[in-house]
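Colleague:
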Amino acid sequence: MLTITRKLEFDAGHRIPDHKSQCRNLHGHRYTLEITLVGAVIEVEGSSDNGMIMDFSDIKTLAKQHLVDVWDHAFLVYEKDAAVRDFLATLPNHKTVVIDRIPTVENLARTAFDILKVAYKDHFGTGLHLQKLVLHETPNCWAEISEDR
Numbered sequence: 001m002l003t004i005t006r007k008l009e010f011d012a013g014h015r016i017p018d019h020k021s022q023c024r025n026l027h028g029h030r031y032t033l034e035i036t037l038v039g040a041v042i043e044v045e046g047s048s049d050n051g052m053i054m055d056f057s058d059i060k061t062l063a064k065q066h067l068v069d070v071w072d073h074a075f076l077v078y079e080k081d082a083a084v085r086d087f088l089a090t091l092p093n094h095k096t097v098v099i100d101r102i103p104t105v106e107n108l109a110r111t112a113f114d115i116l117k118v119a120y121k122d123h124f125g126t127g128l129h130l131q132k133l134v135l136h137e138t139p140n141c142w143a144e145i146s147e148d149r
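Counting from 1, one number per residue, gives the positions in the sequence shown under this note's numbering.
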């Protein structure tokens with residue numbers, strides 16, 4: 001099996017409301033996202049993508065459109081974290097992304113995977129699909145999620 005991986009970075013804030021340590025406070029991270037795709041290598045003479053599973057710039061474009069530009073410099077807040085949601089609502093034009101899970105790196109990885117698997121699914125008719133997503137919250141801490149195949 002041949003895979004390709006593209007890495008992107010973005011900045012976002014969050015908090016873990018009931019956490020026992022400092023993570024219950026508002027804070028941010030420089031997230032690193034690794035997107036691993038699998039699919040047949042395109043073999044079409046004269047095609048820009050000939051010899052590729054997918055052009056890395058196209059991976060970036062789709063990731064930015066569907067996830068990175070949405071989450072970059074946003075505050076990722078749990079829908080039931082009323083105190084923070086109410087506070088953020090008082091800030092004019094604040095970039096807030098409300099998610100249905102507590103924004104731990106595990107839950108953010110799962111949410112990102114669900115968003116991006118749709119964006120890449122069989123993009124070229126070659127069986128292309130998202131195989132794995134890795135989300136680094138810090139250089140030393142990350143979550144990985146893979147497809148269920």
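Ideal Cβ positions, reconstructed from N, Cα and C, are used throughout, including at glycine.
1) Under the assumption that E45 contacts T5 (Cβ atoms under 8 Å), give the Cβ distance between them as a whole number of angstroms.
2) Taking contact to mean at least 3 C-beta pairs separated by less than 8 Å, is the segment 8 to 26 in contact with the segment 55 to 75?
3) Since I believe Q131 is in contact with T32 (beta carbons under 8 Å), could you give me their beta-carbon distance rounded to a whole number of angstroms?
4) Between which two residues does the alpha helix (DSSP H) containing V118 stretch?
5) Per DSSP, what kind of secondary structure is L80 in: helix, strand or coil?
6) Which residues in the same chain have their Cβ closer than 7 Å to the Cβ of A143, if we skip the five residues on either side of it in sequence?
7) Please report the distance separating the alpha-carbon of D86 from that of A63.
8) For the alpha helix (DSSP H) containing D11, name the first residue and the last one.
9) Within the same chain, show all residues whose beta-carbon is closer than 6 Å to that of E79, passing over the 5 residues directly before and after it, in chain order.
Modeller: The short version:
1) What you label residue 45 is simply residue 45 of the sequence shown in a count that begins at 1. What you label residue 5 is simply residue 5 of the sequence shown in a count that begins at 1. The pair is not a contact, with the Cβ atoms about 26 Å apart (cut-off 8 Å).
2) Counting Cβ pairs under 8 Å, three or more are found: they touch.
3) Within the sequence shown, numbered from 1, the residue matching residue 32 stands at position 32. Within the sequence shown, numbered from 1, the residue matching residue 131 stands at position 131. With 8 Å as the limit, T32 and Q131 do not qualify as a contact, their Cβ atoms being about 18 Å apart.
4) If you number the sequence shown from 1, residue 118 lands on position 118. Unbroken alpha helix (DSSP H) run through V118: 105 to 120.
5) By 1-based counting over the sequence shown, the position of residue 80 is 80. The question names Leu, yet the displayed sequence has Lys at residue 80. In the structure shown, K80 sits in coil (DSSP, three-state: anything other than H, G, I, E or B).
6) Here the question's residue 143 lines up with position 143 in the sequence shown. V105, E106, A109, L135.
7) For the purposes of this step, residue 86 is taken as the residue at position 86 of the sequence shown. For the purposes of this step, residue 63 is taken as the residue at position 63 of the sequence shown. Approximately 29 Å between the Cα atoms of the pair.
8) For the purposes of this step, residue 11 is taken as residue 11 along the sequence shown, with counting starting at 1. Here D11 belongs to no alpha helix (DSSP H); instead the beta strand (DSSP E) covers 3 to 14.
9) The residue labelled residue 79 in the question sits at position 79 within the sequence shown. When the five nearest sequence neighbours on each side are left out, the beta carbons in the same chain lying within less than 6 Å of the beta carbon of E79 are those of V98, D100, in order along the chain.
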